[in-house]
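To keep things clear, I will list the structure first and then write my remarks on it.
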Ligand code: AMP
Ligand code: ZN
Ligand code: ZN
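Residue numbers (the numbering used here): 67 to 524.
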């Protein structure tokens with residue numbers, strides 16, 4: 067055997083054998099269509115949602131977290147924590163310790179302080195050596211625990227869906243590929259607020275989202291990612307129809323001088339002025355049959371919405387479809403969310419497709435806190451402590467898919483490959499040493515006869 071083969075073969079074995087036994091790193095794309103209620107797919111023709119459902123999994127009722135607003139629920143999807151534990155307790159917040167305000171409508175949201183009571187999945191993923199990509203997902207353009215996603219976009223609602231997905235595909239295909247992508251889209255929430263979820267105009271918006279999903283599927287197929295990627299399509303909350311005759315006005319019961327309004331309808335956070343706590347509470351607690359008012363410490367445990375300094379001393383929540391304004395002149399939205407998270411109207415869509423998921427599988431219910439451990443399991447990364455449970459959602463996974471096994475299996479297959487590689491190297495080394503020894507024996511014999519020759523001649 068030529069000696070260069072003896073040198074190259076062992077190196078090839080060490081490189082190739084582990085690769086043969088190692089799974090490709092699982093990949094995941096998480097998509098949120100803001101305010102896509104669980105039953106919207108039945109309101110319009112949605113062939114692309116049907117395509118995913120037929121080839122993947124569909125969970126009918128996802129119980130999201132209280133309060134059913136955008137920022138708290140997106141941070142729950144990213145962390146597996148209830149709002150009182152992740153700290154994004156509302157779209158509008160006030161921290162009385164530091165006298166800071168958070169509002170979706172200003173730059174306060176870029177202050178890391180608000181986000182650092184938790185570690186979102188993109189931060190844990192990067193801390194474990196992987197790369198993440200995000201297109202407008204709430205929180206992904208904020209530095210959290212010293213980190214941005216490996217690739218991200220600064221929030222700009224006018225950037226098209228197509229641009230967002232094309233960027234993510236580029237990052238999934240780049241040399242230093244991401245293993246998780248997070249994609250956010252503002253509809254059907256915006257239209258739902260304007261016209262109400264039951265308005266016929268919603269059909270057009272839902273059909274448009276379905277065609278966006280179609281674009282996503284076609285692009286993933288064209289780029290060769292469709293059968294490799296796990297795709298989860300979900301949302302933060304649903305939407306309820308609000309009627310003109312269901313408005314409760316705070317001005318009818320309390321003087322504006324007595325309190326600061328921190329968060330708005332339909333879940334109202336009230337900070338009474340100094341010394342006014344009891345007066346404000348008494349004025350509101352029995353004020354209206356469709357409004358429930360709590361002192362912070364009385365908020366029912368099942369809301370998981372009490373143990374955080376950002377939750378205000380008085381908290382009011384109105385019944386489904388009602389609005390709670392200071393005054394009717396403030397104007398109201400025909401559709402809204404934020405209400406009790408046990409209401410079906412507040413529940414989001416959940417469908418998923420990919421190598422990790424079962425095919426054509428239907429599940430009645432799940433909790434949105436379970437998505438984080440599910441995603442960590444699919445990616446093979448270690449989850450941080452959370453309020454979810456992987457065991458409640460394991461049935462969604464295809465048990466024959468290697469990526470749905472635990473990370474230990476991945477390292478086991480790598481070790482198996484490496485052992486095979488080492489055995490092959492050892493065999494070649496033995497052959498190599500044998501060959502060298504034989505050829506040395508041969509070369510040693512020749513000079514002996516040459517040396518003895520003159521002596522013989524002499
Ligand atoms: P909501 O009031 O709960 O319905 O919030 C939905 C709105 O939040 C969207 O229509 C967007 O305008 C806004 N939004 C979503 N993501 C972000 C973000 N990352 N930064 C600022 N605003 C956002
Ligand atoms: Zn939302
Ligand atoms: Zn909304």
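The beta-carbon is built from N, C-alpha and C at its ideal position, and this holds for glycine as well.
Classification of residue i by the beta-carbon crowding that lies within 10 angstroms, buried from 16 upward
i	result
residue 190	buried
residue 284	exposed
residue 301	buried
residue 406	buried
residue 461	exposed
residue 322	exposed
residue 164	exposed
residue 267	exposed
residue 199	buried
residue 428	exposed
residue 179	exposed
residue 240	exposed
residue 124	buried
residue 157	buried
residue 341	exposed
residue 364	exposed
residue 445	buried
residue 264	exposed
residue 138	buried
residue 355	exposed
residue 454	buried
residue 255	buried
Alpha-carbon to alpha-carbon, residue j and residue i
i	j	result
residue 274	residue 112	9 angstroms
residue 96	residue 379	35 angstroms
residue 225	residue 233	11 angstroms
residue 209	residue 436	25 angstroms
residue 333	residue 384	7 angstroms
residue 313	residue 290	52 angstroms
residue 528	residue 425	The chain is shown from 67 up to 524; residue 528 falls before or after that span and cannot be answered.
residue 152	residue 228	31 angstroms
residue 390	residue 464	46 angstroms
residue 396	residue 259	15 angstroms
residue 310	residue 386	13 angstroms
residue 451	residue 130	18 angstroms
residue 109	residue 271	10 angstroms
residue 37	residue 248	As displayed, the chain neither begins before 67 nor continues past 524, which places residue 37 out of reach and without an answer.
residue 330	residue 132	14 angstroms
residue 288	residue 185	34 angstroms
residue 90	residue 418	20 angstroms
residue 324	residue 447	50 angstroms
residue 168	residue 358	25 angstroms
residue 399	residue 261	8 angstroms
residue 170	residue 360	25 angstroms
residue 327	residue 204	24 angstroms
residue 276	residue 339	48 angstroms
residue 362	residue 351	13 angstroms
residue 320	residue 349	7 angstroms
residue 449	residue 149	18 angstroms
residue 98	residue 221	15 angstroms
residue 298	residue 388	32 angstroms
residue 141	residue 236	25 angstroms
residue 173	residue 257	25 angstroms
Any C-beta of chain B under 8 angstroms from that of residue i
i	result
residue 194	Among the chains of the structure shown, chain B does not appear; only one protein chain is present.
Cβ distance (whole Å) where residue i is taken to contact residue j below 8 angstroms
i	j	result
residue 441	residue 94	6 angstroms
residue 423	residue 279	Actually they are not in contact, since the Cβ atoms of residue 423 and residue 279 sit about 16 angstroms apart, beyond 8 angstroms.
residue 187	residue 216	So it is not a contact: roughly 13 angstroms between Cβ atoms.
residue 219	residue 202	6 angstroms
residue 134	residue 303	4 angstroms
residue 159	residue 458	Incorrect: roughly 30 angstroms between the Cβ atoms, too far for contact.
residue 307	residue 401	6 angstroms
residue 370	residue 127	Between residue 127 and residue 370 the Cβ distance is about 18 angstroms, and since that is not below 8 angstroms, they are no contact.
residue 242	residue 197	6 angstroms
residue 438	residue 144	7 angstroms
residue 253	residue 411	18 angstroms between Cβ atoms; not a contact.
residue 393	residue 315	6 angstroms
residue 103	residue 432	Actually they are not in contact, since the Cβ atoms of residue 103 and residue 432 sit about 16 angstroms apart, beyond 8 angstroms.
beta-carbon residue i near ligand 4 non-hydrogen atom, thresh 7 angstroms
i	result
residue 259	As presented, the structure is devoid of ligand 4, carrying ligand 1, ligand 2 and ligand 3 as its sole ligands.
Measuring from each Cβ to the nearest heavy atom of ligand 2, keep the ones under 6 angstroms and list them in chain order. Having a Cβ closer than 6 angstroms to some heavy atom of ligand 2 are 100, 101, 136, 255, 302, 303.
Suppose only complete runs of 4+ residues qualify. What are the alpha helix (DSSP H) ranges in the segment 327-363, listed by chain order? 343-351
Unbroken stretches of the beta strand (DSSP E), 3 residues or longer, contained in the segment 105-158: 123-129
At 4 residues or longer, what runs of the alpha helix (DSSP H) sit wholly inside the segment 179-247? 187-193, 227-239
Fully enclosed by the segment 418-469, which beta strand (DSSP E) runs are 3 residues long or longer? Listed in chain order, the beta strand (DSSP E) runs fully inside the segment 418-469 are 427-433, counting runs of at least 3 residues.
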